[in-house]
Amino acid sequence: MRFDEHWMMVAATLVYGMAVMYSIFLWRKGFTRDDTINIGILVGGFGFHTLALMIRAAETQRCPINNLFEVTMFTSWLVGFGFIIASFWSRFRSIAAFVAPVIFSLSLMTLFPNVDGPVDSLRLEGWFILHVPIILLAYGAFAMACVSSVMYLTHAHYLKYNKEMAFWVRLPSIYRLETTSVMLLTGGVILLTLGLGLGFVILKNTSGSFLSQDAKIYWSIAVWVGYFALVLLHWIFSIRGRFLAWLSLALFVFVLTTFWAANLLSDIHNSPAGN
Amino acid sequence: MGIVAIGLSHHTCPVEVREKVAFSEGRLTEALESLSRDHGMTESVILSTCNRVEIYSFADQPVRKSHESIFDFIRRYHNLDPAHRQHFFFLEQQSTLEHLFKVASGLDSMVLGETEILGQIKKAYNHSLEGHFSGRILNRVFQNAFSVAKKIRTETSIQRGSVSVGSVAVDLAVKIFDDLKGRKVMVIGAGDTSEKTARALLSRGAHSIFVTNRSYERASKLASELDGIAIHFDEWEKNSPQVDIIVSSTSAPHYVIDRQRLEPMMSKRKGRPLLLVDIAVPRDIDPDCAMIDGVFCYNIDDLQAIADHSMKLRQKEVDKCDQIVKEKADEVLEQIQRGQLMMKQRQSSGQLNANAANFLPSSGKLES
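Protein sequence lines correspond, in order, to chains E and X. Positions 1 to 275 (my numbering) are the ones given, in order, by the first sequence. Positions 1 to 368 (my numbering) are the ones given, in order, by the second sequence.
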């Protein structure tokens, strides 16, 4: 039996699953100390995850972002990478308990059947090379914004309703969490706008039209409208605090739960394999 | 011969006695000179703070004699009645070291684990060092006291949390705003606790303070002390949209801030969070205010519960700290005693060499 990237992803998902279980324990106990154990478990999972990505890249001799398996693997790796960077700051170490469920959910999707289909050679040239990674970076930013928003809601809940615990909780200040969320959401919208813009150019070049009757395209536009409206609400109408955090969380849950279905329903993103 | 300490503190006497025995900073050198010149102390450090007056000395004489000499010095210097002796503690060798290490670590302080005392000890020691009143023995003792304080700070939780209402309020503000730099504070009611809380917020970088009180005169007085702005009591609401923290401590029998009043204020703040600190009894702030998004409200009981919990956590650490203090005191005393023994040996061998040298010329003369 050969330990290929799929086996590595199974190992990574199992380790991430352990991190989720430990996170539940931390959530129940409160975040009163640095959860180094959880960070260690996640870093272990990230090691397997990176290996899976490297094996795939070595085998295909390209950046592995060209079908649903690769895209999901790469997006969750980006979230993991963001977590590693954030955990360098002591105030952000508790992020492990919040990021674990997101990475676990994404990694679990890579294990679904029939996600690793053949890659259309068209996707390996021209604007495609930029279209996919830019959109992936945008979703990575939205995922981290979601994590930051959940941290905000948790900390704000402690500060309002569990005041004694709030004093001992080691979470970043709610001001910093909100600022981080806004930065990630704004950055994500800019990247998604660029990525989708490139997508329309690609569509025009390949089919002669900027738009196509495709589930994934409509879904992407819906996601863009949602996030764009959220950013607009913040910058123009000063929507902040819990409302902003709940909207960010709701939008990302929508992305997470519908991404896979949108890909499967798409003709152009799922033929012969989707992204 | 040995290290001794004589002193009194908030544990042994009331402030009426402490203030009589305090040494003013300007006359410290004179006092140290007197200890050295008139009372035979080889090395001395005088620690004089609002909570304690302690003299640490080393002299080449029996400890009992050192105790009497130092007490005699204090009695003469401050013109004290001999009856005041009952307020003093007299320590020698190991107990002196243990006491100093505890004081430096904040274990003997009124507020367990506080750090201000360490700075005061460093200042007292530097004064003696610069005047050459501290030498080989006390240098070693005080340097070790600083390292014990550091070890206790890093290896135990004796300084964890906040133990006063003001510092708890500041820590909670940091959890909301991250950095207090540039944050605006409003103090409603010019009471003592609100003043302390406002000072604690200012010390952490809060930008400007508005003070309001039913008596405008009192508001102006406190505002000038805090370098803030006094505003009339009926105008505080106009200024409130620009502030981030409101500290309220009026003696009003009803709520000063309620939900109906706060909601329009919050809509003008464009979603910026607001911290309400209510240290008044009866309460000034309607607890319903906390239901508004972005409003974080703490009353005196919330703050006191956190402070009490911190104190309990600190008290749990005392045994661990005592162990560190005892081990280090043993080690330092052993080093000092070994050093003194070696010095005596050197001195006696030096004496022998000197005798021999004295003898040689004469023997040389004899030879010639």
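Glycine included, C-beta positions come from ideal geometry on N, C-alpha and C.
Given a threshold of 16 other Cβ atoms within 10 Å of its Cβ, counted over all protein chains shown, does residue i qualify as buried or as exposed?
i	result
G339 of chain X	exposed
D244 of chain X	buried
G19 of chain X	Before going on, a small fix: residue 19 of chain X reads as Glu here, not Gly. By the 10 Å Cβ count, E19 of chain X comes out exposed.
E25 of chain X	exposed
K344 of chain X	exposed
M291 of chain X	exposed
N263 of chain E	buried
E178 of chain E	buried
H234 of chain E	buried
H39 of chain X	buried
I246 of chain X	buried
P272 of chain E	Here P272 of chain E scores only 46 on pLDDT, less than 50, and its place in the model should not be relied on; the value that follows carries that caveat. Exposed is the call here.
D35 of chain E	buried
E263 of chain X	exposed
G80 of chain E	buried
P64 of chain E	buried
R346 of chain X	exposed
C289 of chain X	buried
F167 of chain E	buried
G7 of chain X	buried
K268 of chain X	exposed
A104 of chain X	buried
I209 of chain X	buried
H11 of chain X	exposed
For residue i, which of the options has the nearest alpha-carbon?
i	options	result
S48 of chain X	X:E16, X:I121, X:H254 and X:L276	X:I121
P273 of chain X	X:A252, X:D288 and X:V295	X:V295
A190 of chain X	X:V165, X:E217, X:G166 and X:S24	X:E217
Q159 of chain X	X:P253, X:S248 and X:L107	X:L107
G205 of chain X	X:G182, X:R346 and X:F73	X:G182
M41 of chain X	X:R64, X:N213, X:R52 and X:I70	X:I70
V10 of chain E	E:K29, E:S94 and E:F46	E:F46
A145 of chain X	X:L341, X:M342, X:R346 and X:I324	X:I324
A100 of chain E	E:I37, E:W224 and E:L247	E:I37
S251 of chain X	X:F73, X:I188 and X:Q61	X:I188
K221 of chain X	X:D258, X:V111, X:D192 and X:S240	X:D192
I268 of chain E	E:W127, E:A215 and E:K29	E:A215
E59 of chain E	E:F88, E:V15, E:H6 and E:S90	E:H6
G226 of chain E	E:N205, E:A250, E:F237 and E:T206	E:A250
L265 of chain E	E:L203, E:S90 and E:I217	E:I217
F429 of chain X	X:N213, X:F23, X:R199 and X:Q242	This structure gives no information on residue 429 of chain X, because the portion of chain X shown stretches from 1 to 368.
N239 of chain X	X:E114, X:I279 and X:M266	X:M266
K328 of chain X	X:I257, X:L100 and X:E225	X:L100
Hey, residue i and residue j are a contact pair by Cβ (cut 8 Å); roughly how many whole angstroms apart?
i	j	result
L108 of chain E	T13 of chain E	6 Å
S173 of chain E	D178 of chain X	4 Å
A19 of chain E	A96 of chain E	7 Å
T32 of chain E	V169 of chain E	6 Å
W224 of chain E	L192 of chain E	5 Å
Q315 of chain X	L112 of chain X	7 Å
T186 of chain E	V231 of chain E	5 Å
I152 of chain X	C321 of chain X	5 Å
V170 of chain X	H87 of chain X	Actually they are not in contact, since the Cβ atoms of V170 of chain X and H87 of chain X sit about 35 Å apart, beyond 8 Å.
Going by beta-carbon coordinates alone, are residue i and residue j separated by less than 7 Å?
i	j	result
F276 of chain E	G17 of chain E	For residue 276 of chain E there is no data in the structure shown, the boundaries of chain E being 1 and 275.
L91 of chain X	A31 of chain X	no
E43 of chain X	G135 of chain X	yes
F69 of chain E	T110 of chain E	yes
E331 of chain X	S157 of chain X	no
L28 of chain X	H132 of chain X	no
I285 of chain X	S248 of chain X	yes
L42 of chain E	W77 of chain E	no
S310 of chain X	V163 of chain X	yes
G139 of chain E	A245 of chain E	A small fix is needed here, since residue 139 of chain E is Tyr in this sequence, not Gly. No, the pair does not count as a contact, with Cβ atoms beyond the cut-off.
K196 of chain X	G166 of chain X	yes
F142 of chain E	F259 of chain E	no
Does any C-beta atom of chain C lie closer than 7 Å to the C-beta of residue i?
i	result
K216 of chain E	Structure shown: chain C not included; protein chains present are E and X.
Query raised in the report: What residues from the stretch 259 to 283 of chain X come within 7 Å of chain E, judged by C-beta to C-beta, listed N to C?
Result: K270, G271 and P273
Query raised in the report: Using a Cβ cut-off of 8 Å, which residues of the stretch 231 to 243 of chain E contact any Cβ in chain X, in chain order?
Result: Flagged, chain order: S238, I239, R240, G241, R242 and F243.
Report task. Output, in sequence order along the chain, the residues in the stretch 165 to 176 of chain E whose CB is closer than 7 Å to any CB in chain X. Result -> A166, F167, S173, I174, Y175 and R176
Requested in this report: Would you list, in chain order, the members of the stretch 99 to 132 of chain X that have their beta-carbon closer than 8 Å to a beta-carbon of chain E?
Outcome: none
**Report entry** Under 9 Å (Cβ pairs) to chain E, residues found in the stretch 176 to 204 of chain X
**Finding:** I176, F177, D178 and D179
Report task. Taking a Cβ distance cut-off of 7 Å, strictly less, list which residues of the stretch 144 to 161 of chain E are near chain X, in chain order. Result -> L159 and K160
Query raised in the report: What residues in the stretch 293 to 322 of chain X have a beta carbon less than 7 Å from any beta carbon of chain E?
Result: D293, G294, F296, Y298, D302, A305, I306 and H309
Requested in this report: Scan the stretch 21 to 43 of chain E for residues whose Cβ lies nearer than 9 Å to a Cβ of chain X and list them as they occur along the chain.
Outcome: none
Query raised in the report: Between the stretch 197 to 215 of chain E and chain X, which residues of the former have CB atoms less than 7 Å from a CB of the latter, in chain order?
Result: none
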